[in-house]
Amino acid sequence: MSARFLAVASTLALGFGVSSCGGHGSPQLLDGREPPPLPAALADLDGAAMTIVEVRAVSGGGDRRGRSCERRVEQAKSRSPIVERMAPVGASITFRAESGGVVACDEIAGTLSASNNPESSTPWCGGSYGRLYDGVLRDPRLDLCWPADGGPLTAFAWINPRPGVRWIVIRDGETRHVYEVAAGLPVRVARKLKATVAESASFDVEEYASDGTRLRSYTLDTKVAG
Amino acid sequence: MIGSISLRLAPGVLAGLALAVAIVTPGARAYHTNFQGSCNNDSFSTSGVTRSQARIYAEIGAYEGYQWGGGCWNDNNVDDAPGDPTENGSTRGEGGDCSGFTFKSWYERVSTGDAGFTYHYRMRNIHGPYTADKFKAANLVAHGPVSKSATTTMDAFASSTHVGMIYQANTAYNTDRIVEAKCEACGTGIWSRTYRGDPSYGGARRFGWAG
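Quick mapping for you: the protein sequence lines, in order, are chains U and G. If you read the first sequence in the working numbering, its first letter stands for residue 11, the second for the next number, and so on. If you read the second sequence in the working numbering, its first letter stands for residue 104, the second for the next number, and so on.
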């Protein structure tokens, strides 16, 4: 666990307090860690599990994952902090590229593509590049990742956080995964589908303010494009 | 009398003005044509597909327009829904985008574990599960990376943001004629490109051609 992650986690704990029930019974995150406690403002959210967000400086020389993502996408020399997210069903990196768009690299457990390329050191199952129009993505840039075992797909997409939104919550049946907005970047969210074959995905999205007020609830319908 | 004539003419004059504005304003004419409203979901499984057949399929799709996330087109060599906003799949215009055009031209199937061939009718509105990135990086049962030097007709060059198929290989140094869905403004067509010499592009191949 990096010192920077500890700093982020500490900030969450000190700034918002922690919920005693957050994370109980929650699935582990993709890398095996337990979900951090929920912020106090979201303590009453049923079935919620906090995801980890880690914000790192631009192009740190020791940032192996950030570097591998930069190498993967040609326009992708970063010019913003690198935001790495760790959720139960997937992990991702997002940053703003020198070209002005945003770049994502996505990861699941047992990536099919990686398993077919044993010589490849990249952990990523896919990635996306999104153009920004007045600072906003027009398309969530759905990325579908297939596990090597032929199981259900995992869908990744960006959410444009509106002003005043502190947390994005993705509902998935009885569970909710909580993503904190970070570094002024679109929030890369993930959801495991039931299907093993798909070219679209829907996300049930809730947006919350810092005081825990639910600002908006909607379904984001996404389709593979570009 | 003059007043009553004016009143009778007014609707016609207004209609004429509206028509004139529509004609000289491409955006107003083009946006939200709902071309996809006339598309279908027709396809059939097939086998023994050759690169030459795929090339003809792509050739017919050329000049039919570009639609972000789209997947259906006719064969009148006109973009029937030009000028839509970019990266907006809800505009429902004619044509595929780069990855959807490649998916259909390669007779691919939506299941990533299925290397079989499917003929998608031109008017079938399907994009497929792959972004351009998946043509560049993913090594799947139906397609995967190939060295650029080995590429030939109807292989592809793919970057993280674009994919185009080789219509005619090696027409000049590091140059090929590429059939591709390029952008909303430039449409789908066949152009000389230097993707072969561009390090951001890699070679990609559909597996299982019959010849």
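The beta-carbon is built from N, C-alpha and C at its ideal position, and this holds for glycine as well.
Between the alpha carbons of residue 210 of chain G and residue 229 of chain G lies a gap of roughly 11 Å. In the pairwise beta carbon analysis, the segment 141 to 152 of chain G is classified as not touching the segment 249 to 257 of chain G: fewer than three pairs are separated by under 8 Å. The Cβ-Cβ distance between residue 234 of chain U and residue 314 of chain G does not fall below 9 Å.
Boundaries of the beta strand (DSSP E) around residue 116 of chain U: 112 to 117. Using a 10 angstroms sphere on the CB of residue 159 of chain U, the tally of other CB atoms stays under 16, which defines it as exposed. Within the segment 188 to 212 of chain G, the residues whose Cβ lies closer than 8 Å to some Cβ of chain U are 188, 189, 190, 191, 192, 200, 201, 202 and 203, listed in chain order.
For residue 134 of chain U and residue 104 of chain U, the gap between their C-alpha atoms comes out near 13 Å. For residue 138 of chain G against residue 197 of chain G, the beta-carbon gap comes to about 4 Å, under 8 Å, which counts as contact. Identification of residues in the segment 145 to 163 of chain U having a C-beta nearer than 7 Å to some C-beta of chain G yields 148, 149, 153, 154, 156 and 160, given in sequence order. Linking residue 292 of chain G to residue 233 of chain G through their CA atoms gives a straight-line distance of about 20 Å. Counting the other CB atoms within 10 Å of its CB gives residue 43 of chain U a total below 16, which places it among the exposed residues. Taking the CA atoms as reference points, residue 202 of chain U sits about 12 Å from residue 117 of chain U.
When Cβ pairs closer than 8 Å are counted between the two stretches, the segment 39 to 57 of chain U is seen not to touch the segment 269 to 286 of chain G, the count staying below three. The three-state reading of DSSP puts residue 310 of chain G in coil, since its state is none of H, G, I, E or B. Per DSSP, the unbroken alpha helix (DSSP H) holding residue 160 of chain G starts and ends at 154 to 164. The count of Cβ pairs closer than 8 Å, one atom from the segment 88 to 103 of chain U and one from the segment 186 to 195 of chain U, reaches three, so the stretches are in contact. Excluding its 5 nearest sequence neighbours in each direction, residue 160 of chain G has C-beta neighbours in its own chain below 6 Å: 208, listed in chain order.
Straight-line measurement puts the Cα of residue 288 of chain G at about 36 Å from the Cα of residue 75 of chain U. For residue 227 of chain G against residue 145 of chain G, the beta-carbon gap comes to about 5 Å, under 8 Å, which counts as contact.
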